[in-house]
Amino acid sequence: MFGSTYTCESAFSHMNAIKTSNRASLTAEHLNHCMRIAMTRRVRLHWVHPILRTRNQRGEFHSLVQELRLDSLRFEQYFRMPPEYFDELLGKVGPLITRADKSFRSAIGPAERLTICLRYLATGDSFRTIGFSYSVGTSSVCRIVREVASAIWTALVEEVMPVPTMEDWSTVAEEFEWRWNFPNCVGAIDGKHVVLQAPSNSGSLYFNYKGTFSLVLLAVVDANYLFRVVDVGGYGRTSDSGSLRNSVFGEALRDGTLDLPPDRVVSGAEQRGPLPHVFVGDEAFPLMTNLLRPFPGRNHPPEKRVFNYRLSRARLVVECAFGILASRWRMYRRVIATSPPVAEVCVKATCVLHNFLRRKKLQRCRR
């Protein structure tokens, strides 16, 4: 009773103060709205819930994660990367995600913040589930995932996914010819639907032909399953060709400003003269000067069947890259229950993390 009386008194005093200072501009409707807000405002009982105050003793980061460092295999299964790569990533991202302590509570450290974000990307669990595991509030988990994922993209994109130069495209073409027997190919392109919980007030913008809500990840992949170009955020209702048309990469491809290598004579086809360097895609993409697709239909002559086989063989690298991405970061196997902007930054973070780990593996294999 006393609590409700105090709430009413504070609400009326707040309303009277507003009415006094803005009497000429307010109407009864405005005052009623202020009254409803004051009456429905929930009184905060705890700044930090008593259960969450035991984070440093019972939270998963301070207990299980420290034990996992004694077993590299289990650590990698938990975080999708070995301890030395985690520490290197923390060194790159740590300065961007460090927060200062406040007088009434201590900040969550950068290592724990990175741990929470990686665990979300690796499992796709709900923010509430991760909050219970790490003894962190649900709203804090949401904020940490958004901030750390954005920091991962900022810290790694220039290193592991730089804007390709002419020399980079030439190297990709050589690797495609050596590994996949397709000359003058500078990348395989395809789109992936990342399933979302239906965004509020979005209508059918995110509703795709599979009957789910999604945003589109459009990617160009090289011969070693590395992402060279990604465009994230296309509406699920948009086709692959529409996503390409609306992307910055598609605009540069049409304008001829991608800095592709000059035309080159293909060995065995000298009679055709110099041929352009191309990207390869499936039937969903349009045929362009620098973009090839298979011959449509069936019952082709032998030359066209061989061409379709070679092109499909080269194009499968992008499908395999998407498979590796979804196998490592299991959030792709669940319905992402966040807003589209948060889902977009998480997808971008997984793409650069994929390249970060893939480059480490390639360096280890070349030794």
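Per this note's numbering: the sequence shown ends with 1844, consecutive numbering throughout.
Backbone N, C-alpha and C define an ideal beta-carbon position, used for all residues, glycine too.
In the structure shown, Pro1572 adopts helical secondary structure according to DSSP, grouped into three states. For Ile1666, the uninterrupted beta strand (DSSP E) run begins and ends at Cys1662 to Leu1673, by DSSP. By the Cβ neighbour-count rule, Gly1680 is exposed, with fewer than 16 other Cβ atoms within 10 Å of its own. Straight through space, the alpha carbons of Leu1703 and Arg1792 are spaced by roughly 13 Å. The C-beta distance from Val1794 to Ala1700 rounds to 6 Å, short enough to meet the 8 Å contact threshold. Within the stretch 1771-1820, the runs of alpha helix (DSSP H) at least 4 residues long that lie entirely inside it are, in chain order, 1779-1805. In the DSSP assignment, Ala1632 falls within the alpha helix (DSSP H) that extends over Thr1615 to Val1637.
Annotated three-state conformation of Arg1530 is helix, per DSSP.
DSSP places Pro1751 in the strand class (E or B) of the three-state scheme. Here Lys1579 carries a strand assignment [DSSP, helix/strand/coil]. CA-to-CA, the gap between Leu1788 and Leu1834 works out to about 27 Å. In this structure, Glu1589 is the residue among Met1765, Glu1589, Phe1604 and Val1812 with its C-alpha nearest to the C-alpha of Leu1541. Under the three-state reduction of DSSP, Asp1708 is assigned to strand. Secondary structure note for Ser1647: its alpha helix (DSSP H) is the uninterrupted segment Met1643 to Trp1657.
For Val1640, the three-state secondary structure derived from DSSP is coil.
Nearest to Val1671 by alpha-carbon distance, out of Arg1807, Pro1660 and Leu1545, is Arg1807. At the C-beta level, Asn1785 and His1777 come within 9 Å of one another. Per DSSP, Leu1721 lies in no beta strand (DSSP E) segment; the continuous alpha helix (DSSP H) that holds it begins and ends at Asp1717 to Asn1723.
Looking at Phe1538, Ser1580 and Pro1738, the one whose alpha-carbon comes closest to that of Glu1644 is Pro1738. In the DSSP assignment, Ser1610 falls within the unbroken alpha helix (DSSP H) covering Phe1604 to Tyr1611. Nearest to Asn1678 by alpha-carbon distance, out of Phe1690, Ser1580, Asp1667 and Phe1653, is Phe1690. Closest in C-alpha terms to Cys1797, from the list Ser1718, Val1698, Val1622 and Glu1635, comes Val1698.
For Leu1547, there is no enclosing beta strand (DSSP E), as DSSP marks it with neither H nor E.
Arg1775 sits away from Asp1759, with the two beta carbons spaced by 9 Å or more. For Ala1696, no alpha helix (DSSP H) run applies; the uninterrupted beta strand (DSSP E) run containing it begins and ends at Phe1690 to Val1698, by DSSP. Between Gln1543 and the set Trp1630, Asp1732 and Thr1592, the nearest pair of CA atoms involves Thr1592. Assigned with DSSP and collapsed to three states, Arg1590 falls in helix. The DSSP-derived three-state label of Leu1737 is coil. Taking 8 Å as the upper bound for CB-CB distance, Gly1711 and Ser1720 are in contact here, some 4 Å apart.
Annotated three-state conformation of Leu1541 is helix, per DSSP. Under the three-state reduction of DSSP, Leu1768 is assigned to strand. The beta carbon of Ala1814 lies closer than 6 Å to those of Gln1674 in the same chain, with the five residues before and after it left out. Taking a contact as a CB-CB distance under 8 Å, the pair Gly1713 and Asn1685 counts as one, their CB atoms being some 4 Å apart.
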